[in-house]
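Asker: In terms of the numbering used here, the sequence shown opens at residue 858 and continues consecutively.
We treat Cβ as the ideally placed atom computed from N, Cα and C, and that holds for glycine.
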Amino acid sequence: MSAADDRAYLEAQRAFIHERLGRLGPEQKLLRINLESRLRRLDEEIAALETVAAIGGRAKASLVFGGNPVAEAGAIEATFGADALKAFQRLVSTTASTLGGRELGARGRIPDEKSYRLFVTGTFPGSFGFELEEMVTEPEQEPGVLRGAVDEASRLLQATQLEEEAYADAVAQSNPRVVRALASFLELMESRGATLRLAAGERECRFETPELVAAAAERARKTDIRESEERLTGVLSGVFAVGRQFEFQLDERGEVVRGRVGYGIADPASLKPYLWTRCVAHVWIVTVERTGKEHRTYYLTRIEPLPGDETEPEQR
858 MSAADDRAYL EAQRAFIHER LGRLGPEQKL LRINLESRLR RLDEEIAALE
908 TVAAIGGRAK ASLVFGGNPV AEAGAIEATF GADALKAFQR LVSTTASTLG
958 GRELGARGRI PDEKSYRLFV TGTFPGSFGF ELEEMVTEPE QEPGVLRGAV
1008 DEASRLLQAT QLEEEAYADA VAQSNPRVVR ALASFLELME SRGATLRLAA
1058 GERECRFETP ELVAAAAERA RKTDIRESEE RLTGVLSGVF AVGRQFEFQL
1108 DERGEVVRGR VGYGIADPAS LKPYLWTRCV AHVWIVTVER TGKEHRTYYL
1158 TRIEPLPGDE TEPEQR
């Protein structure tokens, strides 16, 4: 069903409920409440469809497989196809959860995972492939998150073929759980001798030989990612709403730590009263290690003034 069909279907339901409400008697209070509740839900779904249309549509991707799991007749091993779709869905769901404002721990369930589902809408022969699409918009989810997650997953897959420094930069912008999901997806491809082509939006990633898949899987597998939490003492020296960035000058040696404002802080502007005052910054740190080099990314989760500190705020 197309977006236009979805909209027409919802509009028809809304018109029907309006007509039913107009015919209810004063004694039918419970039915009125139920119909009005359904009407509000329909209004939310229609509004969500309008928002998604405004940003360029729903999430779409095509996964094309070749190699050992694909027969010459244009068929694919059922177990491999199911496992591959499951692994890719897990990569997208994990990514969507982080883009939707979740800060995932090292383990555990992915929040709202069922809200980030892709559906198989078609297949095509040759090197066997699946067409995937976002079919249901969840009004409680930020519109465009799933589309962004598919794009981010394809960006990371593409990054596994870049030079070392560019790959490290790409991984540092992600989340440890996302990178582990990426490695799991590639390891499945490697273990079954499969090749892969992913197309999502304007980006296309090609792993046309099992050797390319194996190299990418090895790279992702050997990316060591660690998480920790720390309390930093110093001065909040910068807050930037665009990009959700912060700067914090440590008491020791005056070193400046730069990072991202975590989504647990809904509005970065709420931090401005703390600017240039001595504070304790609670940060979540992601350390990425590749070929003996470390890259640390800081996420500010909470900030509080130092109790009893009477020092005048320093000025730039």
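1. On a CA-only basis, which of ALA1029, GLU1059 and ARG1063 is nearest LEU1014? Give me that one, please.
2. Specify the secondary structure class of ALA1117 as computed by DSSP and reduced to three states.
3. Within this structure, are the beta carbons of LEU1055 and ALA918 separated by less than 8 Å?
4. In terms of alpha-carbon separation, which member of SER1048, GLU1065, VAL1007 and GLU929 lies closest to GLU1059?
5. Taking the Cβ atom as the reference point for each residue, do PHE1103 and VAL1118 lie within a distance shorter than 8 Å?
6. What is the rounded straight-line gap between the Cα of THR1158 and the Cα of THR1148?
7. Where do the ends of the alpha helix (DSSP H) carrying ARG1037 lie?
8. Per DSSP, what kind of secondary structure is ALA932 in: helix, strand or coil?
9. Span of the alpha helix (DSSP H) holding PRO1067?
10. Short check: CB of VAL1137 to CB of THR1154, under 8 Å?
11. Which same chain residues end up closer than 7 Å to ASP1108 when comparing Cβ atoms and leaving out the 5 residues on each side of it in sequence?
12. In whole angstroms, what separates the C-alpha of HIS1139 from that of GLU1044?
13. Inspect the beta-carbon positions of LEU956 and GLU990 and report whether they are closer than 8 Å.
14. Nearest to ALA1150 by alpha carbon, out of ALA1029, GLU1068 and ARG1110?
15. With DSSP run on the structure shown, which of helix, strand or coil describes VAL1099?
Answerer: Taking the definition as stated:
1. Sequence index remark: in the sequence shown, residue 1014 carries index 157 (1-based). That would be ARG1063, whose Cα lies nearest to the Cα of LEU1014.
2. Along the sequence shown, read from residue 1 onward, the residue named residue 1117 stands at position 260. The question names Ala, yet the displayed sequence has Arg at residue 1117. Strand.
3. Counting from 1 along the sequence shown, the entry for residue 1055 is found at position 198. Counting from 1 along the sequence shown, the entry for residue 918 is found at position 61. With respect to ALA918, LEU1055 sits close: the two C-beta atoms are nearer than 8 Å.
4. Position 202 of the sequence shown, counted from the start, is the residue given in the question as residue 1059. In terms of CA proximity to GLU1059, VAL1007 leads the group SER1048, GLU1065, VAL1007 and GLU929.
5. Position 246 of the sequence shown, counted from the first residue, corresponds to residue 1103. Position 261 of the sequence shown, counted from the first residue, corresponds to residue 1118. Cβ distance < 8 Å, so PHE1103 and VAL1118 count as in contact.
6. As a first step, residue 1158 is located in the sequence shown; it is residue number 301 there, counting from the start. As a first step, residue 1148 is located in the sequence shown; it is residue number 291 there, counting from the start. One C-alpha to the other measures close to 29 Å.
7. Counted from its first residue, the sequence shown places residue 1037 at position 180. Per DSSP, ARG1037 belongs to the alpha helix (DSSP H) from 1033–1048.
8. One-based indexing of the sequence shown puts residue 932 at position 75. Note: ALA932 maps to coil in three-state DSSP.
9. The residue labelled residue 1067 in the question sits at position 210 within the sequence shown. 1067–1078 is the span of the alpha helix (DSSP H), which, as asked, contains PRO1067.
10. By one-based count along the sequence shown, residue 1137 stands at place 280. By one-based count along the sequence shown, residue 1154 stands at place 297. The beta carbons of VAL1137 and THR1154 sit no closer together than 8 Å.
11. Counting from one through the sequence shown, the residue named residue 1108 turns up at place 251. Excluding the 5 residues flanking it on each side, ASP1108 has same chain C-beta neighbours closer than 7 Å at THR1090 and GLY1091, in chain order.
12. Within the sequence shown, numbered from 1, the residue matching residue 1139 stands at position 282. Within the sequence shown, numbered from 1, the residue matching residue 1044 stands at position 187. Answer to the nearest angstrom: the Cα atoms are 35 Å apart.
13. Locating residue 956 in the sequence shown gives position 99, counting from the first residue. Locating residue 990 in the sequence shown gives position 133, counting from the first residue. Result no, Cβ atoms of LEU956 and GLU990 do not sit closer than 8 Å.
14. Position 293 of the sequence shown holds residue 1150. Checking the sequence, you will find Lys at residue 1150 rather than Ala. Of the listed residues, the one whose Cα sits closest to LYS1150 is ALA1029.
15. Sequence index remark: in the sequence shown, residue 1099 carries index 242 (1-based). Three-state result, VAL1099: coil.
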